[in-house]
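Visitor:
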Amino acid sequence: MENKNILISIGILLLLIAVFSILRYLKQRKIFRFIQTQNFSELEKELDSITTRMLIKPYNRENIRLNMYLMERDKKKINEQFERLYPILKKPLQNQEFLTKMFQHYLFEQDEKRCKKLLGTIQESIQQASILHEAQMLFQIFFENSSAYINELKQKMETMENEQKAMCAYYISLQYENKKDEYHAQKYRELSKRLF
């Protein structure tokens, strides 16, 4: 009798897990469809729904919301979302991904004050040398008018995929602008556009 109850309990538990997994999968597909169609008003409602809050972790929901605001280019909401997301980061990988995304956003917004603050946070909390080096390099290129990384980036470009090559070419063009070499700046700017 006791074995029968244990088997029934295990069966019910497995059924609940399966139902939960299916519901989460369907919810994620619905959210993805809203993103694909850029139906942001419905996406916002969906992210705030009770079922979404039950099925999707807070970090993932808020990260989706951040990406939505980035696609809408709503600066005020982006800044608010960065402030909302940062305290709920629990895993080092989430922290690294978030800080990198935040840094790059403010970098392209030319917000030196926020980038400098974030660079300090990245230096304190991210141990991966390549991410640290890239953040320092980009800060120097964008805000300190550095041109010290041209050769390094040219070498890296040889092993990169097209999208990465495009960004790399863009960073090289900025450095040539910093050197007041408009010919090479234009050459790499055009290369960047072609690769995108």
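Just so you know, we're using my numbering here: the sequence shown kicks off at 1439 and counts up by one.
Note that CB positions come from ideal geometry on N, CA and C, so glycine has one too.
As the structure is a prediction and not an experimental result, all values here were calculated from the model.
(1) Looking only at its own chain, which residues have a Cβ that is under 8 Å from the Cβ of residue 1598, when we skip the five neighbours before and after it?
(2) Residue 1523 and residue 1502: beta carbons closer than 8 Å?
(3) Using three-state DSSP, classify residue 1582 as helix, strand or coil.
(4) What did DSSP end up calling residue 1598 once you bin it into helix, strand or coil?
(5) Could you give the distance in angstroms between the alpha-carbon of residue 1496 and the alpha-carbon of residue 1618?
(6) Tell me where the alpha helix (DSSP H) around residue 1517 begins and ends.
(7) Leaving out the 5 sequence neighbours to the left and right, which residues in its chain are closer than 7 Å to residue 1552 when beta-carbon positions are compared?
(8) Could you check whether residue 1566 and residue 1532 sit closer than 8 Å to each other, using their CB atoms as the reference points?
(9) Over the uninterrupted alpha helix (DSSP H) stretch that includes residue 1475, give me the two end residues.
(10) Put residue 1587 into one of helix, strand or coil per three-state DSSP.
(11) Measure the alpha-carbon distance for residue 1627 versus residue 1467 and round it to whole angstroms.
(12) Is residue 1489 buried or exposed, if buried means 16 or more other CB atoms sit within 10 Å of its CB?
(13) Would you tell me roughly how many angstroms separate the C-alpha atoms of residue 1634 and residue 1601, rounded to the nearest one?
(14) Would you tell me roughly how many angstroms separate the C-alpha atoms of residue 1570 and residue 1507, rounded to the nearest one?
(15) Roughly how many angstroms separate the alpha carbons of residue 1450 and residue 1494, rounded to a whole number?
(16) Just reading off the alpha helix (DSSP H) that residue 1493 is part of, what are its end residues?
(17) Enumerate in chain order the residues of its own chain whose CB-to-CB distance from residue 1463 is below 8 Å, with the five nearest sequence positions on each side excluded.
Guide: The answer reads as follows:
(1) Within the sequence shown, numbered from 1, the residue matching residue 1598 stands at position 160. Result list for residue 1598: 1606, in chain order.
(2) Stepping through the sequence shown from its first residue, residue 1523 is reached at position 85. Stepping through the sequence shown from its first residue, residue 1502 is reached at position 64. Not in contact: residue 1523 and residue 1502 (Cβ atoms no closer than 8 Å).
(3) Taking the first residue of the sequence shown as position 1, residue 1582 is located at position 144. Residue 1582 falls in the coil class under three-state DSSP.
(4) Here residue 1598 refers to the residue found at position 160 of the sequence shown. Residue 1598 sits in coil when the DSSP states are folded into three classes, being neither helix nor strand.
(5) Position 58 of the sequence shown, counted from the first residue, corresponds to residue 1496. Position 180 of the sequence shown, counted from the first residue, corresponds to residue 1618. Near 47 Å, if we compare the C-alpha coordinates of residue 1618 and residue 1496.
(6) To locate residue 1517, count along the sequence shown from 1; it is residue 79. Counting along the chain, the alpha helix (DSSP H) containing residue 1517 begins and ends at 1513 to 1523.
(7) As a first step, residue 1552 is located in the sequence shown; it is residue number 114 there, counting from the start. Excluding five sequence positions before and after residue 1552, the CB atoms of its chain that fall closer than 7 Å to its own CB belong to 1544, given in chain order.
(8) Taking the sequence shown and counting its residues from 1, the one referred to as residue 1532 is at position 94. Taking the sequence shown and counting its residues from 1, the one referred to as residue 1566 is at position 128. Contact: no.
(9) As a position in the sequence shown, residue 1475 is number 37, starting the count at 1. For residue 1475, there is no enclosing alpha helix (DSSP H), as DSSP gives it neither H nor E.
(10) Here residue 1587 refers to the residue found at position 149 when the sequence shown is read from its first residue. Reduced to three states, the DSSP call for residue 1587 is coil.
(11) Here residue 1627 is taken as the residue at index 189 of the sequence shown, counted from 1. Here residue 1467 is taken as the residue at index 29 of the sequence shown, counted from 1. Rounded to the nearest angstrom, the two C-alpha atoms are 38 Å apart.
(12) Working through the sequence shown from its first residue, we reach residue 1489 at position 51. Residue 1489 comes out exposed.
(13) The count along the sequence shown starts at 1 and reaches residue 1634 at position 196. The count along the sequence shown starts at 1 and reaches residue 1601 at position 163. In this structure, the straight-line span from the alpha carbon of residue 1634 to that of residue 1601 is close to 6 Å.
(14) The residue given as residue 1570 occupies position 132 in the sequence shown. The residue given as residue 1507 occupies position 69 in the sequence shown. Using only the alpha carbons, I get a separation of about 26 Å.
(15) Walking along the sequence shown from the start, residue 1450 turns up at place 12. Walking along the sequence shown from the start, residue 1494 turns up at place 56. If you take the alpha carbons of residue 1450 and residue 1494, they lie about 22 Å apart.
(16) The count along the sequence shown starts at 1 and reaches residue 1493 at position 55. That run of the alpha helix (DSSP H) goes 1488 to 1493.
(17) For the purposes of this step, residue 1463 is taken as the residue at position 25 of the sequence shown. Result list for residue 1463: empty, nothing under 8 Å.
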